[in-house]
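Position in the sequence shown counted from 1, then plus 1116, gives you our numbering. Single-structure report; data block below.
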Amino acid sequence: MGMPYYSDIWTVLDADVGIIPQVEVDAVGGVLIYCDHETYPTSFPAQARFGVAVGLHPRKAARFNPELYRHLKQLLRNERVVALGEVGLDRTEPADTWGLQEEVLTRILELSSPCQPIILRIRDGEDRQSGVLYLECLELLKPNVARTQKVVLHCFTGAQEVVVSWCKAFPNCFFSYSGQARLFTEAQKQAVRRVPVNRLLIETDSPYFRPAGARMCTPSFLGDVANVIASYRDSEVRDVCQLTLRNSTQLFGLEKA
């Protein structure tokens, strides 16, 4: 869940968004992501089932400086911070920023730790062949982090060759699907089926990807994401919910509900 600021998590989870999810589930835990240096958390959720991730969105690469680096480093030492992210590459930004994005990502990767997964945002331009940026980012990571590093490909949209390449280079790579999956091509659906059971995650990326008719997106729509993924994998919704809960709990070290 992207968080511009920390508020009472239950207020967000129980918010009236105008429609009822097709598949109702209880969001019993998760990760609150702060990737804007202007809204880094000064307090942390009291519930052990919720963790925090801190990073720097690639769109904010120009704001990176030594002071921000030190602040990130300090935040990552907090026991409630369970991941480094979002960080990554965004090719929807002007081309003259791409080199800086890569430089900043390389610097931030210096802060990576085996006990804290890296949450990667990889978004290519619409005019580029699907999957190219995933492979470019993979080559950037290889010399900069350990092969055993835990990695999460946030809002993953890649094809199955991308899944294979990342799993080969980083065996502890996880693939997280959001509501975008509703619009997947057949190639992307094949990738969903290729993801190993113990490497599958789901998310809403709330407040983004607002479902049709809803005033905003919240984690209450997680069941709808699970429903889409289950349909692609020829699985039951309950099974997808259970296995992704188990995967996320183990990955981020969150206390079970």
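Beta carbons are placed, not taken as given, at the ideal position from N, Cα and C, and that holds for glycine.
With contacts defined by Cβ atoms closer than 8 Å, Leu1200 and Ala1169 form a contacting pair. When DSSP states are grouped into helix, strand and coil, Cys1333 belongs to the coil group. Between Leu1205 and Leu1249, the gap from beta carbon to beta carbon is short of 8 Å. With respect to the C-alpha of Asn1288, the residue from Glu1154, Lys1266, Lys1305 having the closest C-alpha is Lys1266. Following the DSSP letters along the chain, one finds Ala1307 inside the alpha helix (DSSP H) bounded by residues 1302-1310. When the Cα atoms are used, Gln1217 and Asn1260 turn out to be separated by approximately 15 Å. A distance below 7 Å between beta-carbons, with the five flanking residues on each side excluded, links Lys1189 to the following residues of its chain, in chain order: Leu1227. Distance between Phe1160 and Gly1171, taken at the CA atoms: about 15 Å. Taken in chain order, the unbroken stretches of alpha helix (DSSP H) that lie wholly in the segment 1258-1285 and span 4 residues or more are 1276-1285. Taking a cut-off of 8 Å for Cβ pairs, the segment 1147-1158 and the segment 1129-1139 do not touch, as fewer than three such pairs fall below it.
Between Gly1369 and Val1144, the C-beta gap is not smaller than 8 Å, which leaves the two residues out of contact. Taking 3 residues as the shortest admissible run, the segment 1158-1235 contains the following complete beta strand (DSSP E) segments, listed from N- to C-terminal end: 1166-1170, 1197-1206. Exposure of Ala1164 is indicated by the presence of fewer than 16 other C-beta atoms within 10 angstroms of its C-beta.
A straight line joining the alpha-carbon of Glu1302 with that of Thr1158 spans about 43 Å.
Ranked by Cα distance from Arg1179, the first of Gly1167, His1153, Arg1193, Glu1202 is His1153.
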